[in-house]
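Position 322 of the sequence shown, counting from 1, maps to 382 under the working numbering, and the rest follow consecutively.
In what follows, a structure is listed as structure tokens, so that the remarks can point back to it.
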Amino acid sequence: MQYRLNGGAFKRFEEGIDNNSKVEVRNEPTKLVVIFIATLLLSRVTIMIGEGDIAGVSPFGLAFLISVVAGREQSKVVVASVGALIGYFTINATLKDGWMYLITVLMVLGYSLVINKLQKRLNEKHLFFIVFLSYIIYGLVISNYDIGVNVTIAGLNTILVLPIYYVIKYGLKCVGEYNTNYFFNIEEVISIAIIVCLMIAGIGGITIAGVGIRNIASLATVISIAYIGGAANGAAIGIAMGVIVGITSGDMISGIGLYGSIGLMVGLFKETGKVFSFLSSIMVYLILSLYSQGLHMEGIIEILVGGMIFLIIPKKIFNGLEVEMCQETKVDTINEEHLSQVKNEFSRKVQGFGNALDMLATSLNSISDNNKLQYKNRSTALVENLADRVCSVCTDCNKCWEREFNQTYTAFQELLKGREEGRQNFPIELEKKCIGKSELIRNSEEILNILNANEITRRKLEEGRKLVATHIRNVSDNLDNMVSDFKRDVTWCSELERIIRKELNKNSIKYKEIFCFTDKGGRMNIKVSMENCSCGTHCIKNILPVVNELVRTPMMISEEGCRIQPNNKDCAIFLKEMPRYKVISYAGMRVKEGEQQTGDTYSFGRLEGGQYITLLSDGMGSGPEAGKESKITVDLVEKFIEEGFGVETALNTVNSIMSMKFEEDEKFSTLDLNTIDLYTGKASFYKVGAAASFIKRGNKIKKISSNMPPFGLVDKVEIESTEERIKNGDIIITLSDGVLDVDKKGVGDSKWLEDYLVKKGSDPKELVLDILEYSKEINNGTIKDDMTIVVSKVYSAY
């Protein structure tokens with residue numbers, strides 16, 4: 061059972077803002093209301109000590125007020141003071157010196173306002189001195205006590221406030237840790253419970269038609285906390301409630317017995333649910349009432365109304381409180397937050413790597429674009445190169461290049477342009493004066509030949525850079541899909557772990573650790589670690605039946621069976637949900653006549669996630685080269701899917717890899733891929749340049765085809781899939797075009813195969829052999845292309 065931890069350090073980290081100030085603004089009115097009600101109720105709690113001058117004392121409101129004043133938040137101090145004044149005023153008639161508490165509240169409030177105005181440090185000792193001083197003033201002015209009696213009474217009342225103050229202060233500090241990553245121990249839980257019990261005791265003896273409101277609230281609180289925290293916390297809150305309500309009502313023994321027993325019993329029955337927990341509380345109340353003071357209609361109404369309040373409390377509230385009270389649940393929640401943060405950090409780094417690849421692709425394209433700037437200077441460089449080769453040794457060099465520079469430069473440009481365009485004419489300007497005509501023509505042709513060779517090399521490099529840039533960008537795009545695949549939810553099941561532990565203990569089955577989680581498909585997975593059992597059947601005989609009885613879903617031991625841990629020699633087994641379907645496949649191949657090796661590659665088998673996969677790749681052409689291409693295609697796609705990546709991610713990544721080839725005679729490959737979800741029966745067919753597939757269901761044949769091009773012909777594969785729902789007995793036929801195209805009268809026509817499949821049986825192995833022989837027979841006994849067939853039959857397990 062998992063619960064999200066609201067707020068806390070993790071949430072503040074994710075949002076990147078000051079979460080404290082945000083929460084403070086939003087929750088301030090609610091906090092003030094809670095403080096007002098708490099102070100009002102605590103002020104009404106009276107301890108009846110005996111007859112005399114201190115027959116009844118009410119120190120709880122003062123202790124709570126001092127705790128609020130110590131926090132130095134004036135809005136809370138004022139609200140608490142108002143609540144205390146109203147609370148003490150309502151019980152003034154029951155206290156002999158009731159006005160003394162009102163005066164003390166006013167003096168504490170005045171001291172707090174003065175200290176805040178002067179911006180001085182508040183001292184707890186001063187607060188207690190003010191309480192003592194207010195008692196002295198009241199005794200001398202109002203009650204006219206002797207000085208000795210007055211000091212004694214004031215001292216006793218002040219000393220009584222002191223321990224209560226520290227208990228309440230400790231409890232309020234613990235309340236401040238609510239909704240954080242702090243783990244409460246039993247003492248801190250009890251200190252919070254004491255404050256709650258005191259507030260309920262402050263309701264007093266208010267009744268409606270003889271039914272006590274305080275008793276209803278007490279019962280609802282004890283039942284709720286026992287249901288959340290279990291038997292230990294239930295008994296603790298029950299005893300605390302009995303003590304506190306007892307000292308205010310005068311019947312402590314009965315209160316402790318009733319509330320403690322109810323808390324213990326509800327905690328024991330919490331696993332049965334809210335209704336049975338409520339019924340257990342009624343049974344305890346009836347039994348105790350029959351053996352003590354007797355049954356009363358008012359008491360029955362109180363337990364029924366308190367239980368109804370417990371039943372209507374929303375589950376969300378119980379879940380939030382359970383996170384705080386149950387350390388195991390809180391550990392699971394924090395671990396889940398940690399895992400989420402690790403996922404986010406990993407995703408951020410992968411996305412950053414993707415951005416870097418995208419920037420690299422942009423840079424490679426920019427380099428190619430910058431090559432265009434070189435064209436502007438090419439003409440000048442050619443003219444200078446030609447002049448250096450021919451004119452530097454000519455006697456008329458100064459005449460041509462100093463006195464007639466413009467005419468000579470223009471003539472050289474015309475000569476080079478004409479030779480580059482294939483014209484043989486010689487510029488008239490050079491014809492008149494150049495004495496090295498033959499050398500000039502020969503060198504101009506050499507320069508242009510070198511230029512053309514360099515240009516071809518440059519263009520090849522530019523095309524290579526652009527191709528690499530394109531596929532780097534494709535890889536960058538695919539990284540986003542990989543991150544999405546990685547972040548798919550894998551949820552821990554702490555509640556299931558606890559139930560399995562309990563049941564294994566009940567059956568005296570020894571184990572060391574249990575780990576339960578649901579995968580991204582929502583299916584249960586259970587790992588059990590134990591001492592080396594030295595017997596391969598121990599898990600099947602003992603653990604598997606217990607787990608199957610609990611989860612009521614057919615479970616099975618994973619294919620790995622019982623694995624021995626190398627570090628400690630313990631054994632571990634993995635249990636997972638049993639798939640509804642199983643698949644059996646057979647394959648057959650025939651090599652093209654004249655070749656020693658086929659150009660086709662196939663693979664089939666079950667993956668860890670409960671999928672069955674079939675792959676068939678036909679390398680373009682035949683022989684070893686085609687076989688190499690098809691094998692790379694099958695191996696890469698299979699590996700990506702095995703590692704949990706989506707089909708679209710796998711196909712596009714492999715397409716990018718297969719396209720990054722620079723051979724002059726490039727080869728490509730097709731891929732026929734189908735996946736079957738063995739839990740739901742959903743089958744998906746993906747075809748990248750592949751031949752048609754067929755589903756045989758009885759005498760009905762369904763053809764599945766696609767017009768997608770093979771790998772490597774396009775920059776990005778536009779994924780198309782055909783979805784089908786398979787049933788028990790279905791047969792899936794996957795084949796290469798060497799089988800389908802044997803009928804030369806209609807290449808690509810599958811009518812002959814469909815008619816043949818209708819007549820044949822449903823045995824996969826026989827079907828493979830029959831199709832191969834029949835296709836060879838149609839082709840006059842020859843094999844003109846590699847032929848590969850994979851036939852898979854689906855069986856229902858339950």
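Note that CB positions come from ideal geometry on N, CA and C, so glycine has one too.
Predicted model only: the values in this text are computed from it and were never measured.
Buried or exposed: residue i, going by 16 or more other Cβ atoms within 10 Å of its Cβ?
i: N565; result: exposed
i: V326; result: buried
i: R33; result: The requested residue 33 does not occur in the structure, where the chain is confined to residues 61 to 858.
i: Y345; result: buried
i: E557; result: buried
i: F336; result: exposed
i: Y148; result: buried
i: F120; result: buried
i: L100; result: buried
i: N275; result: buried
i: I219; result: exposed
i: I151; result: buried
i: T613; result: exposed
i: G270; result: exposed
i: G482; result: exposed
i: N293; result: buried
i: E362; result: buried
i: S856; result: exposed
i: N734; result: buried
i: D815; result: exposed
Distance check for residue j and residue i, CA to CA, integer angstroms please.
i: I114; j: M368; result: In this prediction, I114 scores a pLDDT of 46, lower than 50, which makes its location untrustworthy; the coordinate-derived value is nonetheless stated afterwards. Cα-Cα distance, rounded: 40 Å.
i: G170; j: I254; result: 29 Å
i: V209; j: L216; result: 11 Å
i: N767; j: R449; result: 59 Å
i: A214; j: H356; result: 43 Å
i: D830; j: K570; result: 54 Å
i: D823; j: R583; result: 32 Å
i: S340; j: I347; result: 11 Å
i: L324; j: K376; result: 23 Å
i: G749; j: R518; result: 33 Å
i: D809; j: D801; result: 7 Å
i: I736; j: S781; result: 13 Å
i: K688; j: A751; result: 19 Å
i: G289; j: I252; result: 13 Å
i: C553; j: V588; result: 14 Å
i: S618; j: T578; result: 15 Å
i: T164; j: A144; result: 10 Å
i: F664; j: E480; result: 59 Å
i: V137; j: A130; result: 9 Å
i: K742; j: G320; result: 55 Å
Going by DSSP, which residues form a beta bridge with residue i?
i: K762; result: I755
i: I586; result: C576 and L635
i: F664; result: T674
i: V854; result: V643
i: A743; result: I736 and E784
i: S729; result: G679 and F771
i: R623; result: A632
i: V271; result: I268
i: I791; result: K756 and K853
i: V137; result: Answer is none; V137 lacks a bridge partner.
i: M615; result: E637
i: T848; result: M649
i: S748; result: Correcting the residue type first, residue 748 is Val in the shown sequence and not Ser. Bridge partners of V748: L731.
What ranges does the alpha helix (DSSP H) occupy inside the stretch 142 to 189, keeping only unbroken runs of at least 4 residues that lie completely in it? Taking only runs of at least 4 residues, the alpha helix (DSSP H) segments lying wholly in the stretch 142 to 189 are 158 to 178.
Runs of alpha helix (DSSP H) wholly within the stretch 308 to 356 (minimum 4 residues, chain order): Those alpha helix (DSSP H) runs which fall completely within the stretch 308 to 356 and span 4+ residues are 312 to 328 and 334 to 350.
For the stretch 708 to 717 and the stretch 673 to 687, state whether three or more C-beta atom pairs, one from each stretch, are separated by less than 8 Å. Fewer than three Cβ pairs drawn from the stretch 708 to 717 and the stretch 673 to 687 lie within less than 8 Å of each other, which leaves the two stretches out of contact.
Hey, is the stretch 453 to 460 in contact with the stretch 507 to 514, meaning 3+ C-beta pairs nearer than 8 Å? Touching, no.
Would you check if there are 3 or more beta carbon pairs closer than 8 Å linking the stretch 297 to 309 to the stretch 256 to 267? As far as the Cβ criterion goes, the stretch 297 to 309 touches the stretch 256 to 267, which means the pair count is three or higher.
What are the uninterrupted segments assigned as alpha helix (DSSP H) that are 4 or more residues long and contained completely in the stretch 200 to 263, given in chain order? With a minimum length of 4 residues, the continuous alpha helix (DSSP H) runs that stay inside the stretch 200 to 263 are 207 to 236 and 246 to 261.
Okay, do the stretch 635 to 644 and the stretch 689 to 708 touch, 3+ Cβ pairs below 8 Å being the bar? No: the two stretches stay apart, fewer than three of their Cβ pairs being nearer than 8 Å.
Meets three-Cβ-pair contact criterion under 8 Å: the stretch 196 to 204 and the stretch 221 to 229: Contact check between the stretch 196 to 204 and the stretch 221 to 229: fewer than three CB pairs, one atom from each, fall below 8 Å, which does not count as touching.
When you compare the stretch 646 to 666 with the stretch 838 to 849, are there three or more beta-carbon pairs, one atom per stretch, that lie closer than 8 Å? Verdict: yes, contact present.
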